[in-house]
Structure formats: structure tokens, C-alpha cells
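The listed protein sequences correspond, in order, to chains A and B. The opening residue of the first sequence carries number 1 in the working numbering; numbering runs sequentially from there. The opening residue of the second sequence carries number 820 in the working numbering; numbering runs sequentially from there. What follows is a short report on a single structure.
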Amino acid sequence: MTATDVPGLPADADPDRPEPGGEGDHGTPAEPRFDGHRGRWVGASIPRHEDPRLLTGRGRFVDDIALTGMLHAGFVRATVAHARVTELDLSAVREVPGVVAAYDAADLALGDIVAILDRPAEEFTPTAMPVLARDKVRFVGEPVALVVARDPYAVEDGIEAARVSYDVLEAVNSSDGALAEGAPVVHDEAPDNVLLDVSMFDTPGVDEAFADAGGCVVEVETRSGRQNALPLETRGAVASWDARDDQLLVQTTTQVPHQVRTMVARCLGVPERTVRVTVPDMGGGFGQKCVVGREEIAVAAAAQRLHRPVKWIEDRREALTAGFLAREQHYRTRAAFDGDGHITALDVDIVCDMGAYSCYPFTAGIEPLMASAEMPSVYRVPAYRVRGRAITSNKAPTAPYRGVSRPQYVVAIERVMERAARALGLDPVEVRRRNVITQFPYTGVNGVTYDPGTYRESLDLAEAILRDEGWYDERDRAAAAGRHLGIGYCCFSERTGYGSEAFAKRKMTVVPGFDLSEIRMDTTGAVVVTSGTMNHGQSHETTFAQIVADRLGIDTARVKLRQGDTERIAYGWGTFASRSVTIGGSAVALASERLGELLCRIAAHLLETRPENVALDGDGGVVQLDDPDRRLSYSDIADVAYLRSHLLPKDVEPTLTATASFDVPGDGTFSNATHAVVVEADAGTGQIRILRYACVEDCGVVIHPQVVEGQCRGGIAQGIAGALFEEVTYDAQGEPSAASFIDYLVPTATEIPDISIAHLETPCAFTANGAKGAGEGGTIGAPAAVLNAVNDALRDTGVELDTTPIHPATVLDALEGRP
Amino acid sequence: MNDPHLLTLHVNGEEHEVVVEPRRTLADVLRHDLRLTGTHVGCEHGVCGACTVLLDDAPTRACLVFAVQAEGADVRTVESLGGEHGALSDLQQAFSDHHGLQCGFCTPGFLMLAEGVLAEQPDASREDIREALSANLCRCTGYQTIVDAVCATAQARREATA
């Protein structure tokens with residue numbers, strides 16, 4: 001291979017970490033030095049395999065697909081939040097030039113999308129999401145009819161010609177409103193508007209701990225605004241019927257291709273065999289694309305009926321108002337502390353506004369169940385009571401967005417720590433230090449066993465960074481000059497390897513967990529490896545190739561990853577919950593090892609020696625251990641495996657193929673981090689400026705440092721967005737406030753600061769590659785760290801802010817002494 | 820009003836004749852008529868900048884320009900960057916070196932914006948570049964590595980011309 005340019009580690013990387021694969025290292029064959037986790041490739045920031053095509057405009061995103069005879073589709077959408085549909089007349093639509101077809105729910109006669117939990121009726125109420133609304137609409141933007149035309153402009157003409165009349169009902173526009181006496185009913189099945197009500201824990205001693213609290217009792221009410229995950233590429237699908245394959249091909253922007261296939265088949269009432277889902281390049285997802293969308297099913301149904309390809313591309317207004325949203329949660333948290341600052345009990349009431357429908361496969365229970373299970377966070381909480389509710393409202397439905405409740409419960413528990421510090425007269429970092437888990441494995445009051453991490457170490461290092469850089473002194477100097485600087489921290493962990501055992505505890509009837517990989521070496525010794533995970537920006541093509549290359553001792557350029565095709569990959573659970581490298585990457589590692597074993601078996605037979613007398617040589621071949629001059633290259637072995645199979649050992653089947661599955665046992669693995677932030681509140685405008693952002697993270701073995709740092713920084717940017725800028729609000733009629741980027745404030749390069757990342761590394765003991773997952777952590781830590789820093793900046797005002805996003809007007813009110 | 824117009828567009832040094840409705844955007848003509856799909860569409864209201872192209876050297880939102888308005892102008896898209904056989908330009912290489920892209924959807928728009936900025940302000944400071952790049956949205960990177968990539972390219976170009 002040619003020497004690759006390996007950018008050096010950044011200056012802020014962990015100095016104790018040996019620099020992997022330095023300049024020139026890849027140019028010459030090295031001694032095998034694969035240590036079980038790391039070798040020539042894993043640990044090096046190699047050039048991404050994805051980059052050349054994406055940088056030259058040669059990627060293939062869903063809207064880049066053009067098929068012969070392709071039609072275009074769009075949706076007539078509800079203009080009111082809650083109403084009975086009294087008339088739906090599409091006759092004028094069908095007369096519009098260019099329109100080919102228009103369908104309502106009765107025309108398509110599709111099955112509903114239904115997501116179920118295995119819980120009793122008093123805990124969970126299943127509700128149906130029809131592909132097109134039938135007699136009732138439940139949010140502004142709900143699809144009512146499908147228009148198919150020869151081009152997207154004619155589609156818009158057709159949509160305008162639709163006549164829909166509504167008998168408008170009172171809308172539920174808040175969780176408080178949903179739970180109020182006599183509230184309008186969103187779903188008849190749930191007359192109280194509660195879709196899930198689970199009291200997951202009520203361990204002994206909670207009331208006693210509050211009664212005997214020797215230090216303090218703190219009460220905090222935290223709220224977070226409704227956010228849009230906002231992949232820059234909106235959702236979209238191209239469906240086409242292939243008569244020869246007897247199959248509907250659905251090319252769609254999804255993180256979960258196999259789950260889309262299942263739901264398309266169920267809604268259309270056809271065997272899964274007749275549906276193939278493939279995924280092109282995807283412009284982000286962040287969870288919004290990890291649930292099945294009703295639009296992709298409607299488009300598939302249209303293609304099936306018309307026997308012509310049909311494309312739907314969501315526009316930005318649809319994405320903002322009718323795409324899946326997330327995050328609107330409300331916590332009432334009480335905590336008791338003893339005189340030494342140790343937390344003795346936690347009592348929490350969680351209400352999540354899940355919007356109009358339950359998402360498939362996760363259900364509307366996903367947010368409150370996640371929060372209830374994980375709320376004690378990184379702290380030793382001896383007694384715990386929690387009630388979590390999912391309520392339904394007349395707002396766009398929700399999907400599990402990057403972090404999934406963790407940004408919110410972490411805000412709640414971190415605000416508890418800050419309040420306790422003030423009440424007890426302790427430094428906020430010191431209170432955390434006294435409570436953070438330091439002995440591993442640790443089994444918490446929530447029954448969850450936490451594998452080893454660096455909770456305390458990350459906290460200490462983050463604080464040391466700010467102290468060493470002089471930020472505490474700077475804060476004092478600023479205060480003396482009448483400025484408002486604040487320092488804030490957030491210490492947290494994140495369960496990343498959710499295996500089937502962990503998901504089963506949530507009582508899902510559809511239980512994600514395992515993943516599969518198949519690896520095949522061709523006659524030239526190059527390999528194609530599959531994974532059931534689904535890259536949408538996380539660099540799987542690169543990082544999975546690194547994992548394979550180290551295990552087989554070949555160049556990453558000889559490894560091609562295939563994902564996102566339900567025909568090519570036997571099954572997969574896709575990409576969400578930071579599971580790809582931990583679970584998918586482990587399956588890839590195990591499949592590679594099995595292929596290595598197969599290569600050795602064949603080589604031993606050909607070299608006429610014992611199997612234990614050969615080994616992979618780390619340079620694309622198998623070597624005889626007692627006579628290193630005797631060696632077979634992979635292409636020598638492949639030549640036999642395919643082209644001269646009569647030479648194979650009798651018990652070895654032709655071809656060079658290996659498969660593996662991987663599932664994480666028990667409670668999974670936990671990444672962790674501490675974020676440290678310095679902000680300044682502007683006394684003139686109330687705006688918050690971030691002066692310094694430091695992240696100390698531990699995601700186990702780092703496959704590709706640059707990629708991990710990219711995930712951290714991008715995640716933090718989304719967390720800052722939630723802390724300071726983004727929110728979709730609804731008025732009393734249920735009309736969303738943000739239908740464009742004029743009203744939905746996505747931060748730009750001038751709002752997001754430079755962020756330093758320091759790595760600690762605690763290899764995971766039970767993933768096959770030691771990795772723990774890094775996709776979501778940044779988003780989880782940022783809201784609490786920023787909120788705490790803002791509160792520190794306002795420390796002399798007597799005001800405590802516990803709601804995100806933090807509006808400049810709120811800050812100004814605090815600074816100017818308005819209640 | 821929707822009668823098709825025949826127009827000639829100059830794109831990436833080539834002349835193209837297309838027949839389009841007057842309401843058809845430049846972005847749609849580039850993507851769907853000329854099949855130059857490197858230019859992406861992220862919002863269709865001129866905020867996200869994924870559709871940024873150079874129109875007579877000025878970074879322009881192709882979603883806010885009707886194709887008929889681009890007649891006679893020199894249009895450059897991401898496909899014009901780089902050399903033979905997919906070779907990357909210095910700016911494209913810098914994006915790769917600094918991990919200035921993840922999903923890659925916003926990338927063509929940032930590349931074209933950056934080319935415009937570097938041409939207009941070859942001596943731009945890091946803060947100037949950050950300010951200029953705030954015209955476009957990226958949801959993956961947090962922007963830092965995009966700023967790094969453009970700063971490194973600016974520096975290298977300055978050194979090359981010094």
C-alpha cells in the first residue's frame with residue numbers, strides 16, 4: 001500500500017496514550033502486533049473511506065436517485081391540530097395537470113403502525129398510527145392524503161387543490177393540559193391522555209431518608225423544550241416495483257432498514273420477502289430516522305399500485321412540523337442529603353409529552369422508561385422512587401433523539417447536585433466527588449450493574465483543566481469588574497451497549513439487541529464485510545474496516561463495508577443508542593476472527609502441517625510457525641477455496657466466508673464523561689456566550705480518535721442547541737411556532753465554540769473490540785453543563801434557572817432583578 | 820405563466836441547453852436536469868446553504884435562484900472542484916484531513932461557500948472565516964473542524980503565493 005497521511009493526535013489528547021500508527025508506519029509490513037483490541041489500524045485516525053465521494057459530489061443520497069418513469073409524491077397535511085375530518089375531496093386534485101393519482105386512507109386501505117409494550121393495561125395503552133389519517137387528525141402536519149404527479153412542482157399544485165373540511169376540536173397543547181380534569185381526549189383508547197404510567201422503583205427507605213435528612217432536602221423542577229433532531233437531509237424514499245424480482249424496492253433514509261421492511265410488509269399485508277429496503281448515503285439521522293415513518297409506507301403503497309417508481313422528499317417545513325420531534329419533558333425531583341453531602345434518597349416524577357402517536361418499534365414509553373431506569377446517573381443513590389409517564393398531545397409525534405431522555409434526567413440530577421452544594425455550602429465539584437461511583441462493577445439501586453469507567457477521574461481532570469487555565473481566577477476578576485462569568489460541570493455516564501437482555505427489561509415486544517456480520521474474501525484476498533448497523537455519518541465504512549484489517553492483517557483499503565440492504569444482510573437492528581461499534585463492530589470483529597481461523601485451517605492443510613503450527617502473519621498471509629519461510633498469501637488460499645476446491649481439506653466447504661452474531665450480555669456497558677463549561681452572561685442583551693468548553697470522555701478503546709472527537713463535538717453542538725436556542729412551541733390551538741429556520745434557531749459556526757477533548761480509556765471487558773460507543777455522549781452532557789454554568793454566572797441574582805432553552809430575556813430579567 | 824423556456828446555462832465550463840418552467844429553481848435544474856447531484860437541498864428557503872454554488876464567483880443559494888435567472892452567468896458547483904480521476908483539491912483534502920465532514924450532506928455547500936470566501940478574503944483571520952462560514956448550517960461536526968480545514972487552506976494558499 002502507499003503510505004497514508006495520519007494526522008497527529010490533537011494537543012489536548014491524553015498524553016499517556018501511546019500514539020498509534022504514526023507517520024510511515026503503514027508503509028512497511030510490520031511484525032504482527034495485534035493485542036486483541038488494537039493493532040496497526042485501530043487507534044489511528046486514518047483518512048475516512050467515505051470522504052472522497054462525499055467531497056466531490058459523488059455520494060448518492062435518496063434525492064439523487066432517478067429511475068426511469070419515476071413519479072413524485074407529496075402529502076396533503078392537516079392544517080389544524082385536533083379535528084374530525086368531515087369532508088375530504090380529492091376530485092379537483094386529480095384534474096390538476098401533471099397529477100397522476102391521489103389517494104386517501106380508504107383508497108390505500110393500509111394496516112396501521114402499532115407499537116406495543118409487554119405491559120399490563122394500567123401501565124401501557126397501545127394506540128394506532130394510521131398511515132393516512134382516517135376520520136380524525138391529531139396534529140398540524142398529519143398526512144391526510146397522498147398526491148402523485150409527474151414532477152414535484154405538479155405535486156404542490158395538486159396538494160393545493162385538495163378540499164378538506166374539519167370539525168375542529170379543542171387541542172391538547174401541553175402535558176399539564178393533557179393531565180387536567182376534563183381535558184380533550186387525543187385517543188379514545190386513552191381517555192386520560194396517558195399512554196404509559198410506570199412506577200419502576202420504590203425501594204425501601206425513601207420516606208425515612210427524607211424524614212431524617214441531616215444535610216438538606218432539595219427540590220428541583222426541570223423542563224426541556226421540544227426539539228427537532230434535525231438531520232440536514234430531510235427524510236425521503238423512492239419506492240419501485242420490480243416484477244422480475246416480485247418485490248417492492250424501497251430506497252429510504254432510515255437508521256433501521258429491517259424494521260422498515262417489517263412494517264411495510266405488515267401495513268401492505270404482503271410477505272416480507274416481497275419487500276426489499278435499501279439505504280443510500282444518509283445526511284444525518286440522530287434518531288429521527290430510527291423509527292418507521294408513515295410516509296415511507298404510503299409511498300411504497302403508491303409504487304405497488306401504480307407499478308411505477310415513486311419518490312417522496314420531505315421539505316423543510318414538513319420536517320420541522322410533521323417530522324418526529326423529541327425531548328419535551330418535565331421532572332419534579334426531590335433529593336435528600338446527609339450532613340456530609342451524601343445523597344440518601346431520590347424521588348422523581350417524570351412526564352414526557354410524546355405527541356400524537358406512539359413510534360414503531362420503540363413506543364411512546366421510550367423516554368419515560370429510559371429516564372426511570374437510568375436516573376440515578378453516576379451517583380451512589382441508596383433509595384429511589386420514580387414514576388414515569390408518557391402523555392399524548394396534539395403535537396407532532398416523537399422519536400428517540402440522540403441521548404434519549406439522558407440529556408433531561410442528567411439536567412435534573414445535576415441541578416440537584418448544584419442545589420445541594422449551595423444548601424450545604426460546598427463546592428459543586430466536591431459534592432459530586434462525594435457521591436460519584438468509584439468502585440466497579442457497581443450495582444445501583446436501579447438494579448443496573450455499571451462496568452468500570454472513569455467517573456471520578458474525568459471529573460477531577462475536567463476541573464483541573466479549568467483551574468490550570470485560570471478560569472476560576474478569571475471568574476473572580478470578571479465579577480469584580482461587574483461582569484457575569486460562570487463555571488458549570490456535568491458528570492454523567494451513558495449506557496451504550498444495549499443488548500437484548502437490557503432491552504427486554506423495558507418489556508418491549510420488539511426487542512433489539514444482537515447484530516450480525518458476514519465476511520467474504522474474494523480470490524484477490526480483498527474482503528467485503530456486512531453489518532446490520534446503518535451508517536449515517538458516523539464513519540462505519542472506515543472504523544469497521546480498521547477492526548477487520550487488524551484482525552486479518554490486511555490494509556483497510558482491501559475492506560469494503562456493506563450495510564443498508566435487507567437482501568444482502570440477513571438481519572440487523574440498525575444504528576441507534578450508540579450501538580454500532582459496540583455491537584455491530586463486535587460482530588464484525590468475531591466474523592473476521594472466524595475467517596482468520598478458516599484461512600489457517602486451509603493453509604495448514606496445504607502446507608501439510610498441523611493447524612496449531614500456523615498463524616496469520618499480520619501481512620496478508622498465513623505463516624508456518626516452525627518454518628517462517630513457508631507462507632501462503634491470502635490470494636494463494638483463496639485460489640484454492642474458489643478455483644481449485646478439490647484441494648481443500650475434506651471437512652472445509654468451498655469459498656471463504658464466515659459469519660458471526662454478537663449480543664451484549666447483562667446490563668451492557670457504560671461510556672462516561674465530564675463536561676466543563678465557562679460562560680458569560682451579557683448584561684446588555686442577556687445572551688450567553690461560551691468562553692471555554694472542555695470535554696473529558698471515556699468510550700473505551702478508541703477505534704479512530706478523530707471520529708470519536710467528531711462525535712463528541714457534534715453531539716455537544718446539538719446539546720448547546722437544546723440548552724440555548726432550539727425549541728418548537730405550540731399555541732393554544734396546537735399550531736407549531738417553528739415552520740422554518742427563521743423561527744427554529746439552529747446554531748451556526750459563531751454560536752458553537754471550539755471544544756477540547758481529552759480521552760481516558762477504560763476498555764470494555766465484554767465487547768469484542770473493547771469499545772463502548774461514543775455517538776450520544778456529547779449531546780447528553782452539554783445541556784446540564786451549560787445550564788449549571790449560566791446559573792453560576794447568575795449566582796448573585798438569587799435566581800435559579802432550571803428550564804431549557806435558556807432565553808436571553810430570562811437572563812436579562814435575572815440580571816436586572818425582575819422576578 | 821408555466822410555459823417552458825429554452826435557456827442556455829454555463830455550468831462548470833460547459834454549455835447546457837435546458838427547457839424549464841420559469842418557476843424551476845437553479846438547484847432543481849442542476850440536480851435533476853443536468854444530474855449534477857453534488858449540490859444538495861436542505862431547506863428551500865435560503866438559510867441552510869447546502870445548495871450553495873458560485874454564480875459569477877459569488878456564493879449563491881441555488882434554491883433561491885430560478886434557473887432562468889442564471890442564464891448568461893458562470894455557474895460553478897462542487898463537481899468543478901478537484902482534478903482528474905477524482906483527485907481532491909487542496910480544500911477538499913483539508914476537509915478530509917481535519918474531519919470537516921461526517922454525513923457529508925452540507926459539505927458541497929460549505930466547500931463552495933469557502934471557495935468564495937477564500938477568493939474574496941485571502942487574508943481572512945480565523946474569526947473572519949468563522950463569521951463567513953456561519954452562513955451555512957452543519958448538524959454533524961460542531962463546525963470547529965470545518966473552520967480548521969478552511970483556515971489551513973487559506974494559510975497554505977497564502978504561503979504558496981508568498
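The C-beta atom is built at its ideal place from N, Cα and C for all residues, glycine as well. The structure displayed is predicted, hence computed values, not measured ones.
A:Arg422 is the residue among A:Thr530, A:Arg422, A:Arg77 whose C-alpha sits nearest the C-alpha of valine 218 (chain A). The contact set of glutamate 233 (chain A) on chain B, defined by CB atoms closer than 8 Å, consists of His859, Gly861, Cys922, Phe924 in chain order. Alanine 128 (chain A) is not a Cβ neighbour of valine 144 (chain A), given a cutoff of 8 Å.
Note: arginine 163 (chain A) is bridge-paired with A:Asp89 in the DSSP secondary-structure output. Within the same chain, and ignoring the five residues on either side of threonine 762 (chain A) in sequence, the residues whose Cβ sits closer than 7 Å to its Cβ are Pro452, Gly453, Thr454, Asp698, Gly700. Note on geometry: alpha-carbon atoms of valine 114 (chain A) and serine 358 (chain A) lie some 8 Å from one another. Per the C-alpha coordinates, the member of A:Phe725, A:Leu248, A:Gln408 positioned closest to glutamate 221 (chain A) is A:Gln408. With fewer than 16 other Cβ atoms inside 10 Å of its own Cβ, asparagine 821 (chain B) counts as exposed.
At the C-beta level, valine 275 (chain A) and leucine 306 (chain A) stay beyond 8 Å of one another. Annotation for methionine 521 (chain A): the continuous beta strand (DSSP E) segment containing it runs 515 to 521. Burial is judged here by how many other beta carbons sit within 10 angstroms of a residue's own beta carbon; aspartate 104 (chain A) has at least 16 and is buried. In summary, the residues of the region 956 to 971 of chain B whose CB is separated from some CB of chain A by less than 8 Å are Leu956, Cys957, Arg958, Cys959, Thr960, Gly961, Tyr962, Gln963, Thr964, Ile965, Val966, in the order they occur in the chain. Pairing cysteine 290 (chain A) with glycine 574 (chain A) gives a Cβ-Cβ distance under 8 Å.
In this structure, the beta-carbon distance from methionine 534 (chain A) to proline 257 (chain A) falls below 8 Å.
Here proline 736 (chain A) is buried. Its C-beta has 16 or more other C-beta atoms within 10 Å.
The DSSP assignment places complete alpha helix (DSSP H) segments of no fewer than 4 residues inside the region 261 to 336 of chain A at 294 to 306, 316 to 321, in order along the chain. Secondary structure of valine 96 (chain A) (DSSP, three-state): coil.
When C-beta atoms of the region 157 to 169 of chain A are compared with those of the region 107 to 122 of chain A, fewer than three pairs fall below 8 Å, so the two segments do not count as touching. Under DSSP, the beta-bridge partners assigned to glycine 488 (chain A) are A:Val677. If you draw a straight line from the Cα of leucine 828 (chain B) to the Cα of arginine 94 (chain A), it comes to about 34 Å.
In the structure shown, the three-state DSSP call for serine 175 (chain A) is helix. Remark: fewer than three beta-carbon pairs, one from each stretch, lie closer than 8 Å, so the region 530 to 548 of chain A and the region 501 to 510 of chain A are not flagged as touching. The C-alpha of alanine 390 (chain A) is placed about 6 Å away from the C-alpha of valine 194 (chain A).
The shortest C-alpha to C-alpha distance from glycine 341 (chain A) to any of A:Ala322, A:Tyr379, A:Ala356, A:Lys311 is the one to A:Tyr379. Remark: three or more beta-carbon pairs, one from each stretch, lie closer than 8 Å, so the region 483 to 496 of chain A and the region 778 to 793 of chain A are flagged as touching.
For the set A:Gly817, A:Val708, A:Cys712, the Cα lying nearest the Cα of alanine 771 (chain A) is the one of A:Val708. No Cβ-Cβ contact shorter than 8 Å links glycine 817 (chain A) with arginine 713 (chain A). For serine 224 (chain A), the enclosing beta strand (DSSP E) covers residues 216 to 224.
Inter-residue distance for alanine 462 (chain A) and alanine 681 (chain A) is about 22 Å (C-alpha atoms, whole angstroms). For tyrosine 498 (chain A), there is no enclosing alpha helix (DSSP H), since its DSSP letter is neither H nor E. Residue contact check for serine 953 (chain B) against chain A: a CB pair falls below 8 Å. Assignment of alpha helix (DSSP H) within the region 378 to 453 of chain A, counting only whole runs of 4 or more residues, yields 406 to 424, 428 to 435 in chain order. In the structure shown, the three-state DSSP call for lysine 505 (chain A) is helix. Here glutamine 912 (chain B) carries a helix assignment [DSSP, helix/strand/coil].
Secondary structure note for isoleucine 720 (chain A): its alpha helix (DSSP H) is the uninterrupted segment 705 to 724.
Under the Cβ distance rule, glycine 901 (chain B) counts among the residues neighbouring chain A, one pair being separated by less than 8 Å.
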